[in-house]
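Here the sequence shown stands for residues -17 to -1, 1 to 562, where the numbers follow mature numbering (1 follows the signal peptide of the UniProt record, and there is no 0).
Cβ atoms here follow ideal geometry from the backbone N, Cα and C, with glycine treated the same way.
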Amino acid sequence: MKHQILLLLLSLYHTLSQNMFIYTPKLFFLIFHIFFVSQSSFAIEFENSTTQNHHHHDYPSLTYIWPLPSHFKFGDEIISVNPSLTLSIDSGKSDGDSEILTNAFFRYREIIFKHCGSSGFGFVRRSLREKLVSVSSYDIELLKIIVHSDNEELQLGVDESYTLKVSKPKRKSILGEAIIEANTVYGALRGLETFSQLCSFDFTTKTVQIHKAPWSIQDKPRFSYRGLLIDTSRHYLPIDVIKQIIESMSYAKFNVLHWHIIDEESFPLEIPKYPNLWNGSYTKWERYTVEDAYEIVKFAKMRGINVMAEVDVPGHAESWGVGYPEIWPSPSCREPLDVSKTFTFDVISGILSDMRKIFPFKLFHLGGDEVNTTCWRETPHVKEWLQNHNMTAEDAYEYFVLKAQDIAISQNWTPVNWEETFNTFPTKLHPQTIVHNWLHDGVCVEAVAKGLRCIFSNQAFWYIDHLDLPWEKVYTAEPLEGIDTDSEKELVIGGEVCMWGETADASDVQQTIWPRAAAAAERLWSPRHSTSGKNITLTALPRLQRFRCLLNRRGVAAAPVTNFYARQAPVGPGSCYDQ
């Protein structure tokens, strides 16, 4: 290589000296200076630049677990995991092992050992095979899960903490094991996800390995509510797509699916008490039966995820009147729902009663946002009702929201409402109300100051249907910004990223959600000191790129992290780990 560069420079010298008025001794000296003084660094730089195109730089100082655990220690060993890894559960359940845990173990075993094949070895070179089948050839043979409580109820505040210990056995004769210990099965699920992220397949030895062993991890979430909203009214999402979203949520340790089922555009859910409501669906094929909803709730619970349903009232409800036109103020003025009729509240009560049988999560979202009361003021019979009750249209908005809250509370729901309800009548909301911030800064600050709980979803940071929202902005948004006292901090139960459906459907929803939602997931799970006050380009970006590639390997269509616009295709060829 050196000789080629030297010949090239000499040729250049000859050409220039023949064709240009340059003092040739100086030119000769300059060229040789370039070669002898700069060649070494040039060659190194050239070699580095070419290698970078083919070999992603690892950052040994970073921990590639997403979201980052609360406390962890690691070493410098590489240990192997048996592809026939066995499970031992100590849960204290009198009726046998937990279905949630056993199902999760087999899911994760399939993920971890995807490249190992059914035999566990695949096509391994003979010398390696001999090493693998020798006595105690694997360091980890057993995954032991210890769960202290047999209570599998899944509600807000369930204990999701866990410890994970992975180390080599001290003697060859001892069976090597990884141990997950948790108070609940849901903590154990989070530990399983972390364990799966520690495991990586070595394509040379064709074995699953854990680097930086031994590992000792003590982990728990920072917030009890870590949500993702999906919108099945603006675009119908098939059952399988919703399940794919739920599955991918579990990889980032989200624990609430906020299902915005219904809106003004369509009413896709079956309501047995009012069977004509789903006449408001786009077509007869774009619907969810009661059984579909049950299935989604069960699928989510198996992954430690609650499903919070939303019925947005009194606005965003035009689709209700397709099946029951009398719920509109008039055929030409269709929303908000008619505040003057008892029938309106009978329907709301019926919907909530039917949903109570489907959704065990105690939180229920009643909406209450973006209510334009013009129809109430301009429809004669509603206008007369307002006058008879000595109400303005604004008073009627308050009346409607509070009456819907009373219905929900009477059916053992905890009401969640969008922030407009709090902004308009903050002292009138039921004390149980959880205020959902989406529009303005500082809403959670004001809500907790009045003793109400709050969910953070500020649209400037966590509305991921905004395609120009970069991952950095999602990552740095802080739900407790401006809140100083511990008692008020506890009232912020968490946050939620919102995947509104106007411009996303089954074809592109996953790459719109991921990987930006994962940035919020780490903010909501990991300690604040781990995610704040850092150069996130160094501490978070390489890890998020790694997590995005993990999602891709698991079949999730996560877009490149560094796209200028979300869900765009890669700009050109290259490694997943560099995008």
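- Going by DSSP, residue 182 is part of the beta strand (DSSP E) stretching over 182 to 185.
- Bridge partners of residue 54 according to DSSP: 201.
- The C-alpha of residue 196 lies about 28 Å from the C-alpha of residue 287.
- The C-beta distance from residue 216 to residue 185 rounds to 47 Å, too long to fall under 8 Å, and the pair is not in contact.
- Note that the segment 84 to 92 does not touch the segment 145 to 154; fewer than 3 beta-carbon pairs, one per stretch, sit closer than 8 Å.
- Cβ-Cβ distances below 6 Å link residue 91 to 175, 179 in the same chain, with the five nearest sequence neighbours on each side left out; the list follows chain order.
- Looking at the backbone, the Cα of residue 544 and that of residue 211 are separated by about 18 Å.
- Between the segment 125 to 133 and the segment 273 to 286, the count of C-beta pairs closer than 8 Å stays below three; the two stretches do not touch.
- When the beta-carbon positions are compared, residue 420 and residue 403 stay at least 8 Å from each other.
- Contact between the segment 343 to 352 and the segment 292 to 299 is present, with at least three C-beta pairs closer than 8 Å.
- Contact between residue 213 and residue 151 is absent: CB atoms are separated by about 43 Å, not below the 8 Å threshold.
- Looking at the DSSP output, residue 241 sits in a beta bridge with 212, 291.
- Contiguous beta strand (DSSP E) elements confined to the segment 396 to 429 occur at 397 to 401, 417 to 420, taking only those with 3 or more residues.
- Here residue 498 is buried. Its C-beta has 16 or more other C-beta atoms within 10 Å.
- The C-alpha of residue 535 is placed about 14 Å away from the C-alpha of residue 95.
- Counting only runs of at least 3 residues, the segment 427 to 455 fully encloses the following beta strand (DSSP E) elements, listed from N- to C-terminal order: 436 to 439.
- Residue environment for residue 552: exposed (fewer than 16 other C-beta atoms within 10 angstroms of its C-beta).
- In this structure, the alpha-carbon of residue 365 lies about 32 Å from that of residue 291.
- Each residue's CA atom was taken as its position, placing residue 98 and residue 188 some 12 Å apart.
- In this structure, DSSP gives residue 145 an extended state, which the three-state scheme calls strand.
- Apart from the 5 residues on each side of it in sequence, residue 356 sits with its Cβ closer than 8 Å to the Cβ of 319, 376, 377, 379, 380 in its chain, given in chain order.
- For residue 195, the enclosing beta strand (DSSP E) starts and ends at 190 to 196.
- In the structure shown, residue 331 adopts helical secondary structure according to DSSP, grouped into three states.
- By the Cβ-count criterion, residue 558 is exposed, with fewer than 16 other Cβ atoms from all chains shown falling within 10 Å of its own Cβ.
- Residue 335 sits close to residue 391, with the two beta carbons spaced by under 8 Å.
- A Cβ-Cβ distance of about 15 Å is found for the pair residue 50 and residue 479, leaving them out of contact under the 8 Å criterion.
- For residue 509, the three-state secondary structure derived from DSSP is coil.
- Distance between residue 429 and residue 441, taken at the CA atoms: about 14 Å.
- When beta bridges are read from the DSSP output, residue 313 appears opposite 316.
- Here residue 59 is exposed. Its C-beta has fewer than 16 other C-beta atoms within 10 Å.
- Under DSSP, residue 271 shares a beta bridge with 252.
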